[in-house]
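Numbering (the numbering used here), first residue to last: 9 to 384. Following: one structure in structure tokens, then a few remarks.
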Amino acid sequence: MLIQTPPMGWNSWNTIGHNINEDVILENAEALVKTGLKDCGYNYVVIDDCWSLRARDKNGYLVADPEKFPRGMKALSDDIHKMGLKFGMYSCCGYKTCAGYPGSYTHEFQDAKTFASWDVDLLKYDYCWKPATVSGADLFRRMGEALATCGRDILFSACTAGKDDTKTWIRSTGAHMWRTTRDINDNWEDMKELVAMAQDSFPYGGANCFPDMDMLIVGMRGEGNVGLGGCTDDEYRLHFSAWAVCGSPLMIGCDLRKADDTTLNILSNPALLAIDQDASGHQPYNLNGDNRDNPIYVRMLENGDYAIGMFNLSEQTAWAAVDNIALDRMGLLSENKTLLLQDVWNGEEIRMEDNVYALDLAPHDFRCFRAKVIDA
Ligand code: GLA
Numbered sequence: 009m010l011i012q013t014p015p016m017g018w019n020s021w022n023t024i025g026h027n028i029n030e031d032v033i034l035e036n037a038e039a040l041v042k043t044g045l046k047d048c049g050y051n052y053v054v055i056d057d058c059w060s061l062r063a064r065d066k067n068g069y070l071v072a073d074p075e076k077f078p079r080g081m082k083a084l085s086d087d088i089h090k091m092g093l094k095f096g097m098y099s100c101c102g103y104k105t106c107a108g109y110p111g112s113y114t115h116e117f118q119d120a121k122t123f124a125s126w127d128v129d130l131l132k133y134d135y136c137w138k139p140a141t142v143s144g145a146d147l148f149r150r151m152g153e154a155l156a157t158c159g160r161d162i163l164f165s166a167c168t169a170g171k172d173d174t175k176t177w178i179r180s181t182g183a184h185m186w187r188t189t190r191d192i193n194d195n196w197e198d199m200k201e202l203v204a205m206a207q208d209s210f211p212y213g214g215a216n217c218f219p220d221m222d223m224l225i226v227g228m229r230g231e232g233n234v235g236l237g238g239c240t241d242d243e244y245r246l247h248f249s250a251w252a253v254c255g256s257p258l259m260i261g262c263d264l265r266k267a268d269d270t271t272l273n274i275l276s277n278p279a280l281l282a283i284d285q286d287a288s289g290h291q292p293y294n295l296n297g298d299n300r301d302n303p304i305y306v307r308m309l310e311n312g313d314y315a316i317g318m319f320n321l322s323e324q325t326a327w328a329a330v331d332n333i334a335l336d337r338m339g340l341l342s343e344n345k346t347l348l349l350q351d352v353w354n355g356e357e358i359r360m361e362d363n364v365y366a367l368d369l370a371p372h373d374f375r376c377f378r379a380k381v382i383d384a
């Protein structure tokens, strides 16, 4: 199974956490369809942790909690598929999941077959309760092999939180995406740290194994499982811009039954979705070197355009510039080329004059462009 562009969908964890059940999942799946987000490309519905009973059955099989999922997983999977969506589930490489339910350790092949029998399309695989004597790489290779031979195409979503230098071995496991950092929470401090850390994974990402900056907090507004404070609308816009410029998977984490127009507009921004889903697989870079307060992330797109995100993650006003030096670093200066910048949020077009676009960015502010290369 080859994956050319970052997966998109909805995951239960950020908002629902432990309180999952069939109704919550189906209602959010229906909302994906009704809001038009499915047509934007959000097609996976992923049940996160806490879906099973606390113990396996006598034959070692995982069992869906009958109180939360009275009809079992296959019936739910069928309903989700009938909506034209794909069905994702969750397990963990250790003895237990992060929330203490049975993990897949020593049951990898059995569990992969179980998931295949439920017509699962994606497995999010976590990194808690891992025995210290076995390496993460070995355990993820085991599940990678189990999924590859289970008889169904199942997207392998590794949730290693960047531990044990995941980025250096994750591609060898068959995983199609991997979590690069600790968990996101719905507030500025946590989110902006993940934006700053994204650059650590730039050399390792690209087609078929995407660095996952974690589920989106857009629209959570401080409510739900990781709703610890909330962000402003502009901070959510910065968040979504950064995930798209970096080419992260886009897994919505808010409760879609309550999503307002602002939230839906952010999640369906066509320019950013096109950037995120660009199939070039090119590596992003930081035009500002290792500056983590004011990164300027750039990625060359398939048609030769550039995605550019200028972020002020600090608490001070910052000078941000795409200038001669930047153009040189992007490979343009010697050819006498410059950029026509199109703002992804308001469509404004800015022709760079004298090879400079520069401005003061207020704290938490940003600009994000799709830039065309033009003659200087
Ligand atoms: C970890 C993961 C989260 C979520 C929880 C579930 O913390 O990083 O995304 O899956 O486990 O317990």
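From the three backbone atoms N, C-alpha and C, an ideal C-beta is built for every residue, glycine too. Predicted model only: the values in this text are computed from it and were never measured.
Excluding the 5 residues preceding and the 5 following Gln291 in the sequence, name in chain order all residues of the same chain whose CB lies nearer than 6 Å to its CB. Residue 291 sits at position 283 when you count from the first residue of the sequence shown. Excluding residues within five positions, the ones whose Cβ falls inside 6 Å are Phe210.
Taking 7 Å as the limit between beta carbons, can you name the residues of its chain near Ile88, skipping five residues before and five after? In the sequence shown, counting from the first residue as 1, residue 88 sits at position 80. Cβ within range, chain order: Ala37, Val53 and Phe95.
For the beta strand (DSSP E) containing Glu357, list its first residue and its last residue. The count along the sequence shown starts at 1 and reaches residue 357 at position 349. From DSSP, the beta strand (DSSP E) with Glu357 extends over Glu357 to Arg359.
Where does Val142 fall in DSSP's three states? By 1-based counting over the sequence shown, the position of residue 142 is 134. Val142 falls in the coil class under three-state DSSP.
Measuring CB to CB, does Thr188 end up less than 9 Å from Gly170? Here residue 188 corresponds to residue number 180 of the sequence shown, with the count starting at 1. Here residue 170 corresponds to residue number 162 of the sequence shown, with the count starting at 1. Contact: yes.
Evaluate the contact criterion for the segment 23–38 versus the segment 228–237: three or more CB pairs, one atom per stretch, below 8 Å. Counting Cβ pairs under 8 Å, three or more are found: they touch.
On a Cα-Cα basis, can you pick out the residue from Arg300, Tyr109, Asp269 and Thr105 that is closest to Asp5? Any question about residue 5 goes unanswered here, given that the chain covers just 9 to 384.
How would you call Met9, buried or exposed, if buried means at least 16 neighbouring beta carbons within 10 angstroms? In the sequence shown, residue 9 corresponds to position 1, counting from 1. Exposed, because fewer than 16 other Cβ atoms sit within 10 Å of the Cβ of Met9.
Does the beta-carbon distance from Arg64 to His115 come in below 9 Å? Here residue 64 refers to the residue found at position 56 when the sequence shown is read from its first residue. Here residue 115 refers to the residue found at position 107 when the sequence shown is read from its first residue. Contact: yes.
Which of the three DSSP states is assigned to Gly152 in this structure? Start at 1 with the first residue of the sequence shown, and residue 152 comes out as number 144. Reduced to three states, the DSSP call for Gly152 is helix.
Status (buried if at least 16 other CB within 10 Å, exposed otherwise) for Leu367: Taking the sequence shown and counting its residues from 1, one reaches residue 367 at position 359. Result: exposed.
Any chance the segment 215–222 sits against the segment 256–267, with 3 or more Cβ pairs inside 8 Å? Result yes; three or more Cβ-Cβ pairs closer than 8 Å.
Taking 9 Å as the threshold (C-beta atoms), are Ser288 and Leu309 in contact? The residue labelled residue 309 in the question sits at position 301 within the sequence shown. The residue labelled residue 288 in the question sits at position 280 within the sequence shown. At the C-beta level, Leu309 and Ser288 come within 9 Å of one another.
DSSP state of Met91, grouped into three classes? Walking along the sequence shown from the start, residue 91 turns up at place 83. Correct three-state label for Met91: coil.
Can you find at least 3 beta carbon pairs, one from the segment 119–139 and one from the segment 152–172, that sit closer than 8 Å? Yes, since at least three Cβ pairs between the segment 119–139 and the segment 152–172 fall closer than 8 Å, the two stretches touch.
Please classify Ile316 as buried or exposed, where buried requires at least 16 other C-beta atoms within 10 Å of its C-beta. Locating residue 316 in the sequence shown gives position 308, where the first residue counts as 1. A buried status is given to Ile316, since no fewer than 16 other beta-carbon atoms sit within 10 Å of its beta-carbon.
Around the C-beta of Gln12, are 16 or more other C-beta atoms found within 10 angstroms, so that it is buried, or is it exposed? As a first step, residue 12 must be located in the sequence shown, where it is residue number 4. So Gln12 counts as exposed.
Simplified DSSP assignment, three categories, for Asp286: For the purposes of this step, residue 286 is identified with residue 278 of the sequence shown, where counting begins at 1. The three-state reading of DSSP puts Asp286 in coil, since its state is none of H, G, I, E or B.
The ligand GLA and Arg79: does the residue's C-beta get closer than 8 Å to at least one heavy atom of that ligand? In the sequence shown, the residue the question calls residue 79 occupies position 71. No - the ligand GLA has no heavy atom lying nearer than 8 Å to the Cβ of Arg79.
Within 10 Å of its beta-carbon, does Asn363 have 16 or more other beta-carbons around it, so buried, or fewer, so exposed? The sequence position of residue 363 within the sequence shown is 355, counting from 1. Buried is the call here.
Can you give me the C-alpha to C-alpha distance between Glu35 and Arg79, rounded to a whole angstrom? What you label residue 35 is simply residue 27 of the sequence shown in a count that begins at 1. What you label residue 79 is simply residue 71 of the sequence shown in a count that begins at 1. If you take the alpha carbons of Glu35 and Arg79, they lie about 16 Å apart.
Please report the Cβ distance between Arg359 and Met318, rounded to the nearest whole angstrom; I am assuming they are in contact, meaning their Cβ atoms lie under 8 Å. What you label residue 359 is simply residue 351 of the sequence shown in a count that begins at 1. What you label residue 318 is simply residue 310 of the sequence shown in a count that begins at 1. Wrong, their Cβ atoms sit about 17 Å apart, outside the cutoff.
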